[in-house]
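Quick note, the sequence shown lines up with residues 12 to 453 if you use UniProt numbering.
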Amino acid sequence: FDSGEAILRRQAQRESAARTYARSLPVVPVRARGMTVEGADGRRYLDCLSGAGTLALGHNHPVVLEAVRRVLDSGAPLHVLDLATPVKDDFTTALFETLPPELADRGRIQFCGPAGTDAVEAAIKLSRIATGRSGLLAFSGAYHGMTAAALAATGDTAARATTETAAGVTRLPYPYDYRCPFGTGGEQGAELSARLTAALVDDPKGGVQHPAAMLLEPVQGEGGVIPAPDSWLRRMREITADRGIPLIADEVQSGVGRTGTFWAVERSGIVPDVMVLSKAIGGSLPLAVIVYREELDTWHPGAHAGTFRGNQLAMAAGAATIRYVARNALPARAEEVGSRMLRRLRALAGHHACVGDVRGRGLMIGVELVDTTADPDDRGTLPAAPRLAARVQQEALRRGLILELGGRHSSVVRLLPPLTITDEQAEAVLERLADAVAAAEA
Ligand code: PMP
């Protein structure tokens, strides 16, 4: 290969203006193992991006490589559309063992196109067919993907979702304590959000009666790492169940142990009607499915198609990942390391006024940066500081730490390390991040 610099220069010329990662993270990864990525320049980085949460076991985990090799060496076909194969059967069994009993015992699975957005699309379409209705309830700050219906449901993050693309979607307030739309956070803010949701759904003039579905992330990821309170999730479950509205949980990013339970919804005890799963379920290869209550399984044969719904290598890598996470109690490990990191980051916030908020669940962590030179708003919250966040990202990169930004204003530093992160690596991440914040603030 050419040198890293030459590669970056050529890509900068050829890639579209929407190329976000290659622009903000000028690293040319050539090798990777676990949490460590080696650039073409020979530098080593700790990867807290993990393919936007895809790499539950980090890069090139031996069990994942072994599972892929086994398929390659077995002579099994690599592409058979979505025909039944031993690999697919094994993946489905591994996945179903992790599901809430209601879905494991009587649920159905639909393999979707390779990306998370394909599965979101399928979930929305299934709900529309099953209910005969078309409206959609979605939340501020949500991220569901870039295809038409998923984009419509995607909230007010950046310029990606415009009002023209969001027809038929009623946007409801997500419980975001730090910038609570009701001027109050915690249980009270969550309860107000729930009451407003119920009132909007019931308002005969609101035009959203009996929508086809409510779509939510139990922990918003791209929207700035915002865990929904359990009580709020339970209220959403009640509101939708009472009105016969299917509840779709998008666990594309929060799933496979990242938030401390295998699926994030488990913590609240709710069982959604549809779960949208992707990213880590493919063990680093593209795979996306929906699982749902059998009553919803009303679509006609052929109603949902797609050439790439049965990637054998992804299913093998996914089954190996799912079993490894479950057998090694990695959700509990994510909770343990994540809580420690959150505590330390909150202490860091005590030393840096620009760290406005630290939040997360398990190893899905967000650090929201604020502009300390500006006037606070009427709730006493300082404005978001996207430029400072970008500086922290660059300073972290210089110190060998790959971080991602997110949030409604791109002012949240996001940490999504693999669940296999060691205590030493967690320590190194915290040290580098603290140094990066100090350098960016100076
Ligand atoms: N839903 C959620 C919660 C996501 O975080 C993402 C991706 N970040 C998607 C859906 C879309 O997945 P994909 O990028 O694979 O289409």
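For each residue, glycine too, the CB sits at the ideal point set by N, CA and C.
Beta-carbon proximity check, residue i vs residue j, cutoff 7 Å
i	j	result
valine 423	glycine 235	yes
glycine 329	leucine 430	no
alanine 25	glutamate 305	For the record, residue 25 in the displayed sequence is arginine; it is not alanine. Not closer than 7 Å, so no.
threonine 165	histidine 155	yes
leucine 227	phenylalanine 150	yes
proline 342	phenylalanine 273	yes
serine 242	alanine 201	yes
cysteine 59	leucine 416	no
arginine 248	isoleucine 301	no
aspartate 93	phenylalanine 122	yes
leucine 359	alanine 275	no
glycine 64	leucine 427	yes
threonine 128	threonine 104	no
methionine 326	phenylalanine 107	no
alanine 130	serine 289	yes
isoleucine 250	alanine 209	yes
arginine 390	glycine 194	yes
leucine 393	glycine 361	no
valine 369	leucine 380	no
glycine 45	glycine 62	no
leucine 137	leucine 412	no
glutamine 231	glycine 152	yes
Distance, residue j Cα to residue i Cα
i	j	result
proline 192	methionine 286	27 Å
alanine 453	alanine 447	10 Å
arginine 419	glycine 271	25 Å
leucine 83	leucine 76	10 Å
alanine 172	valine 180	Note that alanine 172 scores a pLDDT of 49, beneath 50, so its modelled location is shaky and nothing firm can be said.
alanine 437	arginine 144	47 Å
isoleucine 432	proline 238	21 Å
arginine 398	alanine 450	13 Å
aspartate 253	histidine 221	11 Å
leucine 211	alanine 224	14 Å
alanine 401	valine 98	42 Å
glutamine 264	leucine 19	28 Å
isoleucine 333	threonine 384	46 Å
arginine 21	arginine 54	20 Å
arginine 245	arginine 278	10 Å
leucine 353	asparagine 339	22 Å
alanine 395	arginine 81	49 Å
leucine 66	glycine 313	32 Å
proline 184	leucine 408	34 Å
proline 112	leucine 203	31 Å
aspartate 434	alanine 43	19 Å
leucine 162	glycine 266	20 Å
valine 39	glycine 15	6 Å
leucine 57	proline 125	27 Å
proline 257	aspartate 284	6 Å
cysteine 365	proline 297	37 Å
glutamine 323	leucine 110	21 Å
valine 74	tyrosine 335	8 Å
aspartate 13	histidine 311	51 Å
valine 403	arginine 425	11 Å
glutamine 405	glutamate 347	28 Å
DSSP bridge partner residues for residue i (one or two, in chain order)
i	result
glutamate 77	According to DSSP, glutamate 77 bridges with nothing at all.
glutamine 404	In the DSSP output, where bridge partners are listed per residue, glutamine 404 has none listed.
valine 300	Phe122 and Leu288
phenylalanine 150	Leu183
proline 112	DSSP output for proline 112 lists no bridge partner at all.
tyrosine 56	Val48
valine 378	Val369 and Val424
histidine 311	Paired residue(s): none; histidine 311 is not in a bridge.
leucine 40	Leucine is not the amino acid found at residue 40; the sequence shown has proline there. BP columns for proline 40 point to Gly50.
alanine 239	According to DSSP, which records beta bridges pairwise, alanine 239 is partnered with nothing at all.
glutamine 323	None; glutamine 323 has no bridge partner.
histidine 70	Gly45
Please list, in chain order, all residues with a C-beta atom less than 6 Å from at least one heavy atom of the ligand PMP.
Ala63, Ala126, Gly127, Thr128, Val131, Tyr154, His155, Gly156, Glu228, Gly232, Glu233, Asp261, Val263, Gln264 and Ser289
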